[in-house]
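Everything below concerns the one structure shown next.
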Amino acid sequence: MPIIGNLNFYDKPVILAPMEDVTDPSFRFMCKKFGADIMFTEFISSDGLIRDAKKCLKKLELFDYERPVGIQIYGHMPDAMEKAAILANEVNPDLLDINYGCPVKKIANRGAGSGMLRNLPLMKEITERVVKVSKVPVTAKTRLGWDSESINILEVARLLQDCGIVALTIHGRTRAQMYKGFANWEHITKVKNHPEIKIPIIGNGDINDGKSAALAFEKYGVDGIMIGRAAIGRPWIFRTVKHYLKNGTELPEPDVFERVQIAREHLQKSIEFKEGMRGIYEMRRHFVLYFKGIPNFRETKIKLLTANSYEEINALLDFIEENFGHLKFNDFKSE
Ligand SMILES: Cc1cc2nc3c(=O)[nH]c(=O)nc-3n(C[C@H](O)[C@H](O)[C@H](O)COP(=O)(O)O)c2cc1C
């Protein structure tokens, strides 16, 4: 049974990846409902947090039902990271995660996120200081290396383990790859199987169904798996994957009727957690994905994307349920 920090999980935890502008409380609510075993907030800038930036503080909002849940922070300045770690601890997350993987230019080129893969002394200093001040276990998430010429994940894993990191998530791409190509799980498994590496290794990259999840555990031997993009517009991926891991069969994708119920609940939570009209605006991209591929849906989609009130959207969801609710996913998937 993997043990992550002081948390014991039943075998094979399936984890929701931290994703900026995605893993907010309403989305986490949906993923938890479908069985995500551990979840993470969007990354939070250490600078923003200590400057008291409203947007950053808002991201610290956690709810008891989502536990175990981790807060992820990033930054390139040891003082700011230490202070941010103290602030994050105040809301008592189950885990504090350090982002050493973000490939975005303005973050990585400043030396934060994946930029830290090119400055291991700084990574060491920041990790040690964060671990020292954190009352909750500290995890880290990183990539294989800066580029294919400088893959240093084994060295990084050793360093982070020595600093007191209790579990490491490895996204099987380099920074240079951004999100292109395929995740290379051979490197992940090398770290996992290295005799000096004792901490749980969470594998991440391209898991999008039960089969790829099972492969991660069976072939690559990781202690946990983390799912990112495949959960966007498909929070039920956690149900699908866990069903496969237990029974070895893929569940069918939800039919339209169920998608409407999921959209309704997500909308309610989005309105509950977000201020003003944001709860409605931010649901639009989820609607597009929830109802993607339904035949003859264009007109309804446009209405959904321009509706400006809860009542209007709810009426549209009623309409979808009545007119398309009989469709199974396979009826429209191949069109
Ligand atoms: C929209 C988006 C936002 C992301 N934001 C974060 C983030 O805040 N912190 C982080 O560690 N990784 C972030 N990632 C990377 C994911 O956590 C994950 O490592 C990556 O998508 C690979 O996993 P996947 O193939 O399952 O998507 C983000 C990815 C996407 C697509």
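Letter by letter, the sequence shown follows residues 631 to 965 in this note's numbering. Note that the Cβ used here is the ideal one computed from N, Cα and C, for glycine as well.
Inter-residue CB distance, residue 729 and residue 704 (contact presumed, cutoff 8 Å): 4 Å
Nearest candidate by alpha-carbon position, reference residue 834, set 826, 827, 845: 845
beta-carbon residue 732 near ligand 1 non-hydrogen atom, thresh 7 Å: yes
Three-state secondary structure (DSSP) of residue 631: Residue confidence for residue 631 is low, a pLDDT of 46 falling below 50, so the modelled location carries little weight; the figure read from the coordinates is stated next. Looking at residue 631 - three-state DSSP - the assignment turns out to be coil, as it is neither helix nor strand.
CB of residue 645 within 8 Å of CB of residue 854, strictly: yes
Three-state class that DSSP yields for residue 666 in the structure shown: coil
Terminal residues of the alpha helix (DSSP H) in which residue 714 lies: 708-720
Assumed close pair residue 909, residue 801 - CB separation to whole angstroms, cut-off 8 Å: Not really, about 30 Å apart at Cβ, beyond 8 Å.
For residue 914, the nearest candidate out of 933, 750, 903 (CA to CA): Selected option, being the one with the closest Cα: 933.
Close-in-space but distant-in-sequence residues of the same chain around residue 965 (CB under 7 Å, 5 per side omitted): Here residue 965 scores only 49 on pLDDT, less than 50, and its place in the model is too uncertain to base an answer on.
Classification of residue 822 by the beta-carbon crowding that lies within 10 angstroms, buried from 16 upward: With 16 or more other Cβ atoms within 10 Å, it is buried.
Endpoints, alpha helix (DSSP H) assigned at residue 727: No alpha helix (DSSP H) holds residue 727; the beta strand (DSSP E) holding it covers 725-730.
Cut-off 6 Å between Cβ atoms - residues of its own chain near residue 678, not counting five sequence neighbours on either side: 686
Anticipated Cβ contact below 8 Å, residue 918 with residue 904, distance rounded: Residue 918 to residue 904, Cβ: 18 Å. No contact.
Enclosing beta strand (DSSP E) for residue 996 [first to last residue]: Residue 996 is absent from the structure shown; the chain starts at 631 and stops at 965.
C-alpha distance - residue 768 paired with residue 762, whole-angstrom precision: If I take the Cα positions, the gap works out to 10 Å.
Helix, strand or coil at residue 752 according to DSSP, with G and I counted as helix: helix
Residue 673 beta carbon near ligand 1 (any heavy atom closer than 7 Å): Checking every heavy atom of ligand 1 against the Cβ of residue 673, one is found closer than 7 Å.
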